[in-house]
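Participant:
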Amino acid sequence: HRASPAQLGDRLTAMAIDRRPLAAMSGKASELLSTMGHSVSVFEATTGGLIQAALQARPEAGMYFTCGATIGSCPTAAAAVLGGADLSALAAKAPSLGEWTKTLARRMREEVGSTWCIVQSGEWGTTNGNAGAGSSSVFVAGPVERELIIDAAGGDREGAMWHFAESALALFEQCVSDATTMGNGDSSGEAPFQPKTMTVKEDNYSGVEVSIADNAPDPEPQRTLQFGRELRQCLQAWQKAGKRGVWLKLPRACAALAGPIVAEGFEFHHAQAHLAVLTKWLPTDTPCTLPKYGFTQIGVGGVVFNSRGEVLMVQERISPVPKHQGVWKLPGGLADPGEHFADTAIREVREETGVSGSLVGLVSMRHTHGVRFGQGDIYVVVKLQAQDETIRIDPHEILDAQWMSKEKIESLLQDCRDGPFDGRVSANTWKLLAAAFGGQLIVGSEVMSSIGSKHSMMYTAPDVSASTAP
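With my numbering, the residue at position 310 of the sequence shown is 292, and numbering never jumps.
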């Protein structure tokens, strides 16, 4: 694709009079990029940024333009712009300007993670021993690769810049167009793209579940950028296939990949000690219907009765609410994953007071919103019968624990919501205790879950009619 100096000189004279608008120079290529969901990066020298300007002049530029830079003749500054690329090493390996441009285009496409990369370089004036003359080398790296070298004679440097830019964009348009007719395949005839750093599984809701191996990719920057490019290609394929939600599991060992993942529009869904789960909703015409992560915590309190009909009451060493410091309350705490209400109450009572017990029934349930971390809070109270009544408090959590009769608890009741509560019992706690002393309990029974083969606890109100039948 080499034009002779005389031919190029003739054309440059005409172009200096009538140059095409920037947006028109990139029009067809831009439309194809938007349609295919591809992205492009540009690194140019003697065109002075005209290639980038033409691509960004289009209204749809935000959909496909990744980044760009204009490279000067200073090796140190150019290396900084190119992310530390060793230009002298590249030049040593490339026997010609065309080889150098090709090597740089392929490298920058890999590092940036764009579908396409256009690199333009050239020489002007006395750089090549021919005053006033110049040459341009363009290489397009991507699914289809092509190169173009043009020699320029004459002193119309500005006109040559416009022509070099227009020629580069025409070459790019041809590459993108060919990729379209090839079904977005690779010009080398290789099999369709398959990700190497992730495992993909389709779910039952037209979605995709993505898992990343703990040891892939390497933490080095080049491998991280390679992952970003693979993820972008996968997203393009899934969107074209009509997929909806994407669930991506990111292991802690691969935390360095969070940047490329978030850059592709993923949002954090939830995190555990060993991994984070991110999601992306692909449809642009329907609202996201992906379920939210658990937003409610469960706390359980135990009304523990001993053989004398007394109830176990505790004072916390540090109350979460300062004005409730010293209040007498029920032992209990937050449920662990996989625990039933009774299991939580039995565990918490034993840990705080040393008293062991067994389930009698469920007393009550309270639902509150906007508590710790903005979560909802469900507080369940269960009635337990003590089996070992000896109190052995945990001094790190509990200040005191006592068996109290109903009359003793009533004598400590504080009706005022504003306190003081030190050494007293709140009205809400008394309401729970009154139900445990004489109210009907909700009965729990173990049933087989309809989801899988897990056992569940089902809580139901007692059959009052059966108990009152003659």
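Beta carbons: idealized from backbone N, C-alpha and C, even for Gly. Quick caveat: nothing in here was measured; it's all calculated off a predicted structure.
Given this structure, state the Cα-to-Cα distance separating S449 from Y441, to the nearest angstrom.
Facilitator: Note that S449 has pLDDT 49, beneath the 50 cutoff, so the model's placement of it is unreliable and the number below is only indicative. When rounded, the distance between both Cα atoms is 18 Å.
Participant: Compare the Cα-Cα distances from C216 to each of H20, L257, T411 and report the closest residue.
Facilitator: H20
Participant: What does a CB cutoff of less than 6 Å around V101 pick up in its chain, not counting 5 residues either side in sequence?
Facilitator: F25, T83, L86, A87, F121
Participant: Using DSSP with H/G/I as helix, E/B as strand and the rest coil, what is P233?
Facilitator: The answer is strand: DSSP assigns P233 an E or B state.
Participant: What is the rounded straight-line gap between the Cα of L294 and the Cα of D400?
Facilitator: 25 Å
Participant: In this structure, does DSSP put L394 in helix, strand or coil?
Facilitator: It is coil, neither helix nor strand.
Participant: Taking only runs of the beta strand (DSSP E) that begin and end inside the region 314 to 342, which ones reach a length of at least 3 residues, in chain order?
Facilitator: 314 to 316
Participant: My understanding is that S188 touches F146, with C-beta atoms under 8 Å, so please give their C-beta distance in whole angstroms.
Facilitator: Between F146 and S188 the Cβ distance is about 47 Å, and since that is not below 8 Å, they are no contact.
Participant: Taking L272 as the reference, give the member of T326, G336, L230 with the closest Cα.
Facilitator: Measuring C-alpha to C-alpha distances from L272 to each of T326, G336, L230 identifies L230 as the nearest.
Participant: Going by DSSP, name the residue or residues bridged to R374.
Facilitator: Note: R374 sits in no beta bridge, so no partner.
Participant: T455: buried (16+ other C-beta within 10 angstroms of its C-beta) or exposed?
Facilitator: The first residue shown for the chain is -17 and the last is 452, placing residue 455 beyond what the model contains.
Participant: By alpha-carbon positions, which one of L130, T372, E140, W98 ends up nearest to G31?
Facilitator: E140
Participant: Classify A147 as helix, strand or coil using the three-state DSSP reduction.
Facilitator: helix
Participant: Could you tell me the distance, in whole angstroms, from the CA atom of R290 to the CA atom of G314?
Facilitator: 21 Å
Participant: Any idea which residues DSSP pairs W220 with across the strands?
Facilitator: W220 pairs with nothing; no bridge assigned.
Participant: Does the region 246 to 266 touch the region 304 to 311, meaning 3 or more C-beta pairs lie closer than 8 Å?
Facilitator: no
Participant: Per DSSP, what kind of secondary structure is I53 in: helix, strand or coil?
Facilitator: coil
Participant: If we count Cβ pairs, one from each stretch, closer than 8 Å, do we get three or more for the region 240 to 249 versus the region 321 to 330?
Facilitator: no
Participant: Quick check: what's the CA-CA separation for V407 versus Q297?
Facilitator: 10 Å
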